[in-house]
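Enquirer:
2 protein chains.
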Amino acid sequence: MSAVFKYVRFIYYLVNADNEEVKMSREPNVIYVGRKPPMNYVLGIITSFSGSNAEEVTLKARGQAITTAVDAVEITRHRFMKDLGISKISLGTEEMPPREGEGGARNVSTIEITLTKEAKPKEEAKKPKKSK
Amino acid sequence: MSAVFKYVRFIYYLVNADNEEVKMSREPNVIYVGRKPPMNYVLGIITSFSGSNAEEVTLKARGQAITTAVDAVEITRHRFMKDLGISKISLGTEEMPPREGEGGARNVSTIEITLTKEAKPKEEAKKPKKSK
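Chains as they are written, first to last, in numbering that gives the first Met the number 0: chain A, 0 to 131; chain B, 0 to 131.
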């Protein structure tokens, strides 16, 4: 498994070499999901778990990025970390400042997904299962 | 409250008069969220609760519609039904047939959000946080 992590971290650095980095917040183990492709956040999740040995990682997203956050979680669970569990999902609303030329604040939906490495002994399923 | 419901249902029929209806599945109290604006599904949620006196309503969405589903839930909770609770959220992956001219199946993320009317006396839903 650690070989996989090393490989993934290597790819992660390649991907982010010319790119701005996936935004890690000052709070440890919180990843803000924005407009990058889901794979960037997948790599962010994996490096958080492997690099800092975190027990929990939280993804935060708002607006259209909610879909990206869900995609990142699903890709990570199905392809890379079979032992990953979702311990909490919460929805919310944030008031954003109005866009230029518009009056009034606009509300944006948010999601927070908290992931945990399950304590179970690692059972590595080598081939990804086909989900229905 | 019932006056509000009547008003909302009236608006709902107006909105859907020239429109195809929000898709209600054969399973009772399941709403499939697609490409319509969130307000259509808000009205769908409210009519499910008021019309059939359902205890629970489930929203199902996949792909980009996940954001619409979250929007619909948040709008319903903040504007129309302050006593609405989220009893369960689950994420998943579905394999879709490939698009024309593309090989291989593609995976799409899904979300299911189950809503319940809480028995509690009305506590106002939290006001939207102002984002920093």
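Idealized CB from N, CA, C, for every residue including glycine.
Quick check: what's the CA-CA separation for arginine 98 (chain B) versus lysine 59 (chain B)?
Expert: Going from the Cα of arginine 98 (chain B) to the Cα of lysine 59 (chain B) covers about 22 Å.
Enquirer: Nearest to proline 36 (chain A) by alpha carbon, out of A:Thr67, A:Thr109, A:Thr46, A:Thr57?
Expert: Selected option, being the one with the closest Cα: A:Thr67.
Enquirer: Is arginine 76 (chain A) helix, strand or coil by DSSP?
Expert: Here arginine 76 (chain A) sits in helix by DSSP.
Enquirer: Are there any heavy atoms of the ligand HEM lying less than 7 Å away from the beta-carbon of threonine 46 (chain A), as far as the coordinates show?
Expert: The model depicted lacks the ligand HEM and carries no ligand whatsoever.
Enquirer: Whole angstroms are fine: how far does the CA of threonine 115 (chain A) sit from the CA of alanine 16 (chain A)?
Expert: Any reading at alanine 16 (chain A) needs caution, since the residue's pLDDT is 49, under 50, leaving its predicted position unreliable; the model's value is listed next. In a straight line, the C-alpha of alanine 16 (chain A) is about 28 Å away from that of threonine 115 (chain A).
Enquirer: Does any residue of chain A bring its CB to less than 8 Å from the CB of isoleucine 30 (chain B)?
Expert: Not an interface residue.
Enquirer: Using three-state DSSP, classify serine 89 (chain B) as helix, strand or coil.
Expert: Correct three-state label for serine 89 (chain B): strand.
Enquirer: Quick one: what's alanine 60 (chain A) bridged to in DSSP?
Expert: Paired residues: A:Val32, A:Ile110.
Enquirer: Roughly how many whole angstroms lie between the Cα atoms of serine 62 (chain B) and valine 107 (chain B)?
Expert: Looking at the sequence shown, residue 62 (chain B) is not serine but glycine. C-alpha separation (whole angstroms): 6 Å.
Enquirer: Quick one: which chain A residues come within Cβ less than 9 Å of glutamate 55 (chain B)?
Expert: Per Cβ cutoff of 9 Å: no residues; glutamate 55 (chain B) is ~16 Å from chain A at best.
Enquirer: Nearest chain B C-beta to serine 47 (chain A) closer than 8 Å, yes or no?
Expert: Output row for serine 47 (chain A): interface = no.
Enquirer: Taking three-plus beta-carbon pairs below 8 Å as touching, is the region 37 to 49 of chain A in contact with the region 66 to 86 of chain B?
Expert: Touching, no.
Enquirer: Could you check whether isoleucine 44 (chain A) and alanine 71 (chain A) sit closer than 8 Å to each other, using their CB atoms as the reference points?
Expert: In contact: alanine 71 (chain A) and isoleucine 44 (chain A) (Cβ atoms closer than 8 Å).
Enquirer: By DSSP, does glutamate 19 (chain B) sit in helix, in strand, or in coil?
Expert: Low local confidence applies: a pLDDT of 47 at glutamate 19 (chain B) is under 50, so the model's placement there is unreliable, and no value is given.
Enquirer: Measuring CB to CB, does isoleucine 65 (chain A) end up less than 8 Å from valine 32 (chain B)?
Expert: Not a contact, by the Cβ cut-off of 8 Å.
Enquirer: May I ask you to report which of helix, strand or coil DSSP gives glycine 50 (chain A)?
Expert: Here glycine 50 (chain A) sits in helix by DSSP.
Enquirer: Mind listing the chain A neighbours of leucine 90 (chain B)? Cutoff is C-beta to C-beta under 9 Å, in chain order.
Expert: What leucine 90 (chain B) touches in chain A: Val69, Val72, Glu73, Arg76, Ile85, Ile88, Ile112.
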